[in-house]
Amino acid sequence: MMTTTIIIVAVIIIIALVASLVVQVGEAKREEAAARAADEAVWASWRDDPRASSDDYREVLRAAEAALKAADEAAKAARRKG
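So in our numbering, spot 31 of the sequence shown is number 31, and the numbers just go up one at a time.
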């Protein structure tokens, strides 16, 4: 009976670890997708206006980096709560 309980607890722990890993991988994929979208937005704005100066590009890049940082901090806060 004791070994059955130990096996059940071990299986529950393994399932919890796998679920946690799946959540972390999902968050990483979402963050990566957000980074790609921000990068694409920067390049799209650059391509749309070939007269844009490098200062304009830097401004858009800073805004994208700020958005990514905010998304990263929100994901970290959600992980702490969850």
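Ideal Cβ positions, reconstructed from N, Cα and C, are used throughout, including at glycine. The model shown is predicted, which means the values in this text are computed figures rather than measured ones.
| query | result |
| --- | --- |
| At least three beta-carbon pairs within less than 8 Å, the region 13-22 to the region 57-71 | no |
| Inter-residue Cα distance where the pair is Glu27 and Ala75 | 7 Å |
| Cα-Cα separation between Ala66 and Ala34, rounded to whole angstroms | 12 Å |
| For Glu31 and Ala71, believed in contact at Cβ under 8 Å, the rounded distance | 7 Å |
| Alpha carbon of Val11 to alpha carbon of Ala63, nearest angstrom | 46 Å |
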